[in-house]
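Protein chains in written order, with the working numbering: chain A, 267 to 638; chain B, 267 to 638. Everything below concerns the one structure shown next.
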């Protein structure tokens with residue numbers, strides 16, 4: 267309980283029930299964020315939120331949705347623009363709704379933070395205010411990829427937090443991805459694949475070959491199964507749960523997949539409108555086609571999670587509609603409930619020593635081999 | 267005319283009408299290649315082929331299809347396996363059907379070569395026997411991407427010839443891609459985009475920023491329009507005709523796009539089978555849905571083209587069926603007919619000097635700016 271808070275909205279008994287939401291910075295404005303928040307709150311009666319942005323505007327939006335009693339407003343007059351450089355956000359961004367939203371998690375008023383604003387800015391603020399977890403050199407963004415798996419999704423990281431990743435970073439990503447999949451999907455031993463241009467061991471860049479070795483050696487102690495190299499076509503595969511790659515490749519892959527899904531939806535619509543018979547057929551199949559559209563709609567799998575910080579931050583798609591924002595809030599809530607960020611920190615704290623052990627073991631094995 | 271040839275199949279008067287086809291190395295075997303060849307020859311009465319592989323087996327297949335009179339067999343007893351390393355192919359591959367297929371283009375018996383075998387092996391043989399064109403450091407594989415463009419496709423390169431590309435390579439790719447788009451789609455000034463993780467100038471790796479500058483400066487003399495940075499979601503965009511990237515990223519993007527299309531096709535099928543009403547709807551819409559399936563089927567846009575060699579080589583998908591092989595043969599035939607490889611060579615011969623000019627101009631401009 268935090269009886270010092272004087273806002274009219276009652277405070278939930280436990281910060282893990284509270285989501286800190288940046289109302290600004292999305293392409294569609296705060297009304298859409300509040301609409302998404304309203305959808306989410308309807309489904310989760312225990313949940314509460316702190317909403318960051320211009321107080322007067324937000325108050326009206328909350329009243330219109332009838333959710334004022336479950337949402338506390340934290341006034342912030344500035345907004346991080348999509349075009350702002352991360353360095354500028356750090357220098358001049360203290361009065362922005364994004365900064366305020368991250369700050370509420372830092373202060374433990376909320377268990378998790380959600381924003382649909384500028385990714386680079388959000389990562390910069392999060393790194394500065396929440397700090398990297400012990401043993402993490404580069405934090406990563408993990409996204410969900412529709413798949414043939416029983417859970418319906420694979421985890422892919424890094425989706426674009428950093429444009430570089432060396433072999434040690436890739437090992438850390440494997441450990442963080444395994445921890446995320448374990449908590450989000452209740453998997454005991456998540457199966458990890460390392461993205462490459464072929465599954466053969468001799469293919470790909472030098473750092474990938476080293477990472478391949480490191481991740482393989484760390485599988486037992488990291489409590490995951492290492493499947494080996496996978497290719498772009500394996501993104502939706504049911505032979506893996508987590509795909510590890512650098513943030514440049516991951517970002518291109520994610521946007522390529524989304525772009526392909528959008529293109530096919532357009533093609534499907536125009537194909538069905540070609541003649542009256544198929545139009546009639548489409549009307550009959552409408553329920554099924556709508557379900558499909560939802561399943562492949564990038565907005566419904568919306569929500570990239572920042573991994574490797576001391577708290578959890580969820581980045582929603584900039585162009586997300588109310589459904590997309592609600593999906594991101596659900597994901598954030600689930601992670602806050604599971605105590606994910608503490609579990610993750612415990613996992614990755616040992617990542618550096620795991621890597622060191624793996625390297626030493628490799629050398630010892632080689633020495634033993636040579637001494638035969 | 268080449269009266270010295272003694273095979274029963276009549277030789278076409280001009281090598282640009284002849285395709286050199288590797289019968290082996292595809293996942294589905296030579297019967298599928300011959301089936302694809304037969305489909306292709308039916309549509310192009312002027313076309314001829316030289317087919318490379320085990321003579322007895324191929325003779326039977328050709329007779330069964332009734333195309334023996336238009337196809338000359340070139341006996342080759344060995345086959346490059348999908349698992350063979352490129353270095354091994356170069357050392358031990360002289361008796362393979364792939365080697366023989368490339369050799370026929372080198373000897374100017376055929377205007378273009380098509381294989382669905384091992385990509386690394388095919389590139390290695392092609393580089394050794396056909397040699398890189400003047401001014402080209404790294405050849406590239408260009409693939410076609412279904413798009414919203416009026417031509418229905420964008421060109422993407424490099425799709426995986428090399429896992430690296432520096433700024434000069436990326437400029438060469440821009441020039442080669444422009445030349446390919448000009449010849450394959452009849453575009454006067456193809457529009458080029460450089461793949462990155464954001465469209466803002468400050469984003470991405472260092473070599474991309476330099477390439478951005480180089481390609482922009484070379485647009486006029488290269489007779490293309492430079493659109494600037496594009497993202498993964500722009501792959502099917504109608505604001506560009508050519509997407510330039512390194513072979514690692516391009517390969518992952520290509521396979522991710524294909525994987526996404528395949529997944530959605532599966533989802534569509536299972537969505538429509540959910541209940542009798544939508545099944546009936548699907549039956550009515552079948553014609554339209556089949557057209558859609560063809561449009562997004564990776565096999566129907568099949569055919570990666572090796573650019574930057576002195577002759578043209580087309581790599582068909584390893585898992586291609588007869589339709590896919592026929593599509594690759596059509597693309598190859600079109601390029602051979604247009605005299606593409608000579609035009610490309612003329613373009614890229616000046617690439618190195620273009621880049622040099624661009625760099626010098628940049629320096630001159632800076633000096634002039636400083637002297638103001």
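No residue lacks a Cβ here, since even glycine has one placed at the ideal position from N, Cα and C.
Contacts of residue i in chain B (Cβ-Cβ under 7 Å)
i: residue 521 (chain A); result: 497, 498 and 499
i: residue 429 (chain A); result: 463, 470 and 471
i: residue 557 (chain A); result: 537
CB of residue i within 8 Å of CB of residue j, strictly
i: residue 582 (chain A); j: residue 382 (chain A); result: yes
i: residue 571 (chain A); j: residue 508 (chain A); result: no
i: residue 423 (chain A); j: residue 439 (chain A); result: yes
i: residue 349 (chain B); j: residue 497 (chain A); result: no
i: residue 646 (chain B); j: residue 597 (chain B); result: Here chain B covers residues 267 to 638 and nothing more, so residue 646 (chain B) does not appear.
i: residue 441 (chain B); j: residue 447 (chain B); result: no
i: residue 588 (chain B); j: residue 385 (chain B); result: no
i: residue 595 (chain A); j: residue 285 (chain A); result: yes
i: residue 491 (chain A); j: residue 530 (chain A); result: no
i: residue 437 (chain A); j: residue 474 (chain A); result: no
i: residue 296 (chain B); j: residue 323 (chain B); result: yes
i: residue 450 (chain B); j: residue 600 (chain B); result: yes
i: residue 396 (chain B); j: residue 357 (chain B); result: no
Whole-angstrom C-beta distance between residue j and residue i, which should lie under 8 Å
i: residue 342 (chain A); j: residue 362 (chain A); result: 6 Å
i: residue 444 (chain B); j: residue 614 (chain B); result: Going by Cβ atoms, the distance from residue 444 (chain B) to residue 614 (chain B) rounds to 10 Å, so no, they are not a contact pair.
i: residue 429 (chain A); j: residue 523 (chain A); result: Actually they do not touch by this definition, with Cβ atoms about 19 Å apart.
i: residue 315 (chain A); j: residue 327 (chain A); result: Between residue 327 (chain A) and residue 315 (chain A) the Cβ distance is about 13 Å, and since that is not below 8 Å, they are no contact.
i: residue 518 (chain B); j: residue 388 (chain B); result: Going by Cβ atoms, the distance from residue 518 (chain B) to residue 388 (chain B) rounds to 20 Å, so no, they are not a contact pair.
i: residue 292 (chain B); j: residue 516 (chain B); result: Contact doesn't hold; Cβ gap of about 22 Å is too wide.
i: residue 391 (chain A); j: residue 355 (chain A); result: 6 Å
i: residue 409 (chain B); j: residue 427 (chain B); result: At roughly 11 Å, the Cβ-Cβ gap does not stay under 8 Å, so residue 409 (chain B) and residue 427 (chain B) are not in contact.
i: residue 318 (chain B); j: residue 340 (chain B); result: 5 Å
Residue burial classification, residue i (beta-carbon count within 10 angstroms, cutoff 16)
i: residue 332 (chain A); result: exposed
i: residue 432 (chain A); result: exposed
i: residue 278 (chain A); result: Low confidence applies here, because residue 278 (chain A) scores a pLDDT of 45, under 50, leaving its location unreliable; read the following figure in that light. Per the 10 Å Cβ criterion, buried.
i: residue 329 (chain A); result: exposed
i: residue 477 (chain A); result: buried
i: residue 577 (chain B); result: buried
i: residue 535 (chain A); result: exposed
i: residue 500 (chain A); result: buried
i: residue 280 (chain A); result: exposed
i: residue 282 (chain B); result: buried
i: residue 312 (chain B); result: exposed
Secondary structure of residue i, DSSP reduced to three states
i: residue 586 (chain B); result: coil
i: residue 491 (chain A); result: strand
i: residue 315 (chain A); result: strand
i: residue 506 (chain A); result: coil
i: residue 535 (chain B); result: helix
i: residue 310 (chain A); result: coil
i: residue 338 (chain A); result: strand
i: residue 429 (chain A); result: coil
i: residue 385 (chain A); result: helix
i: residue 580 (chain A); result: strand
i: residue 458 (chain B); result: strand
i: residue 511 (chain A); result: coil
i: residue 270 (chain B); result: For residue 270 (chain B), the pLDDT reaches just 43, beneath the cut-off of 50, and the residue's location in the model is therefore unreliable, although a value from the coordinates is still provided. Three-state result, residue 270 (chain B): coil.
i: residue 424 (chain B); result: coil
i: residue 398 (chain B); result: strand
i: residue 350 (chain B); result: coil
i: residue 444 (chain A); result: helix
i: residue 296 (chain B); result: helix
i: residue 275 (chain A); result: Bear in mind that the predicted position of residue 275 (chain A) carries a pLDDT of just 44, short of 50, making it unreliable; the figure below should be weighed with that in mind. Coil, per DSSP.
i: residue 412 (chain A); result: strand
Closer than 9 Å at the beta carbon, the chain B residues around residue i
i: residue 373 (chain A); result: Chain B residues near residue 373 (chain A): none, gap ~31 Å exceeds 9 Å.
i: residue 420 (chain A); result: Result: empty, since nearest Cβ-Cβ is about 11 Å, beyond 9 Å.
i: residue 543 (chain A); result: 550, 551, 553 and 554
i: residue 640 (chain A); result: One cannot answer for residue 640 (chain A) here, as it falls past the ends of chain A, which runs 267 to 638.
Chain B residues whose Cβ lies nearer than 8 Å to that of residue i
i: residue 473 (chain A); result: What residue 473 (chain A) touches in chain B: nothing, since even the nearest Cβ is about 11 Å away.
i: residue 594 (chain A); result: What residue 594 (chain A) touches in chain B: nothing, since even the nearest Cβ is about 19 Å away.
i: residue 403 (chain A); result: Residues of chain B passing the Cβ test: none, with the nearest at roughly 18 Å.
Neighbour list for residue i in chain A, Cβ cutoff strictly below 7 Å
i: residue 538 (chain B); result: 551 and 554
Contact set between residue i and chain E, taken where Cβ atoms lie within less than 8 Å
i: residue 524 (chain A); result: Looking at the structure shown, chain E is missing, and the protein chains on hand are A and B.
8 Å Cβ cut-off: residues of chain A touching residue i
i: residue 608 (chain B); result: The contacting residues do not exist; residue 608 (chain B) stays about 31 Å from chain A at best.
Residue i: contacting residues in chain A (beta-carbon distance under 9 Å)
i: residue 415 (chain B); result: Those do not exist, as residue 415 (chain B) stays about 11 Å from chain A at its closest Cβ, beyond 9 Å.
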